[in-house]
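Below you'll find the structure, written out as C-alpha cells, and then a few comments.
Set out below in C-alpha cells:
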C-alpha cells in the first residue's frame, strides 16, 4: 500500500480485515469484512443494491450487488439479487470486477489528512481479529438494522465490526468516512464564513480545502466524543426498539 492508495493483493488478506472496492469510476466504495476462505460479510441496502438513497436516483447512480445476473448466479454464492441486510458473498462477487483495497486503522492525523478521499482509513484502533469475526458472524445471523446511506451503511457496518463503536447521538452522519467526506465537502462550499475572506480562486480553494479537512477530521470515529463501545449481543437484543433509544440506553450503562 502507498500513501494515496490502499490497494493490496488477495494473498496478503487475513481474516478480520476490513476491505473495500471502488464502484462506478470511484464514485463510492463498497465495504465488508473478510472472514477467510474467500468469503466476505457485508451490509447491503436490499433489492439487489449495495447502497442507495431510496429514490429514483438509485437506478442511475448506484450499482447492484451481485456481479452475476439472476439467471446466471455465481456457483459459490447462488442468486443473491433478492437478498438484503448483512450477507455473505465470495470475494469475486464482493469485488464485482473491481480492485481490492484494505481499510487502515490507527493512522496518524497527518496520514489521515494526506488521504483526500474519505472512507479509506480512520484514527480509531481496531479490536483483535477474533472480536471482529465474532461481530461480523453474529450480525450475519441477526442483522444490522435498517440501511441508511448517511447513518448506517456498509462502511458503518465494517467499522462497527472492527471497533464495536456506535454513535450515541442522533445527528446526520454515522461512522462512515465516505458520508462524512460528502457532508464536509458540501459544508466547505456553502457554509464556511471564511470564504468571504478572499475573492481569488486560489484563496477560495485553500480555504475550502482547509474546511473540508477539518470537518473530515472532527467527524472521524477515532476523534468523536459521541461514540460508545456497544457489545453486539446487547445491540441485537434491543433491535425491536427504536435504534437511537437502544444505543442511548446502552451508552448510559457503559
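Residue numbers (the working numbering): 2 to 255. Glycine included, each C-beta is placed from N, C-alpha and C at the ideal position. Remember, predicted model here, so these are calculated numbers, not experimental data.
For residue 164, no beta strand (DSSP E) encloses it; the enclosing alpha helix (DSSP H) starts and ends at 155-164. Bridge partners of residue 21 according to DSSP: 32, 102.
Counting along the chain, the unbroken alpha helix (DSSP H) around residue 237 starts and ends at 233-238. Proximity to residue 159 across 141, 170, 169 peaks at 141, based on C-alpha coordinates. With respect to the C-alpha of residue 11, the residue from 38, 162, 42 having the closest C-alpha is 38.
The stretch 129-145 and the stretch 17-35 touch, with three or more beta-carbon pairs separated by less than 8 Å. When DSSP states are grouped into helix, strand and coil, residue 91 belongs to the strand group.
Scanning 213, 238, 235, 156 for the CA closest to the CA of residue 222 turns up 156.
Per the coordinates, the alpha-carbon of residue 104 lies some 16 Å from the alpha-carbon of residue 92.
Taking residue 165 as reference, the option from 147, 150, 131 with the minimal CA-CA separation is 131. Assignment of residue 224 by DSSP, reduced to helix, strand and coil, places it in the coil class. Annotation: residue 145 is outside any alpha helix (DSSP H) and is labelled neither H nor E by DSSP. With contacts defined by Cβ atoms closer than 9 Å, residue 42 and residue 9 do not form a contacting pair. In this chain, the beta strand (DSSP E) harbouring residue 44 covers 40-45.
Taking C-alpha positions only, residue 224 is separated from residue 23 by approximately 25 Å. Shown here, residue 214 sits in a helix according to DSSP, grouped into three states.
Residue 96 sits buried, since 16 or more C-beta atoms from the chains shown fall within 10 Å of its C-beta.
For the options 128, 110, 237, the alpha carbon positioned closest to that of residue 147 is the one of 237.
A distance of 9 Å or more separates the beta carbons of residue 79 and residue 44.
Counted as a single uninterrupted DSSP element, the alpha helix (DSSP H) harbouring residue 112 occupies residues 110-115. Taking each of 215, 99, 133 in turn and checking the Cα distance to residue 232, the smallest one comes out for 133. The three-state reading of DSSP puts residue 138 in helix, counting H, G and I together. Cβ contact annotation for residue 114 (same chain, cutoff 8 Å, sequence separation greater than five): 214, 217, 218, in chain order. Counting C-beta atoms within 10 angstroms of its own C-beta, residue 73 has fewer than 16 neighbours from the protein chains shown and is therefore classed as exposed. In this structure residue 102 does not touch residue 29 by the C-beta definition: roughly 13 Å separates them, more than the 8 Å allowed. In the structure shown, residue 167 adopts extended strand secondary structure according to DSSP, grouped into three states.
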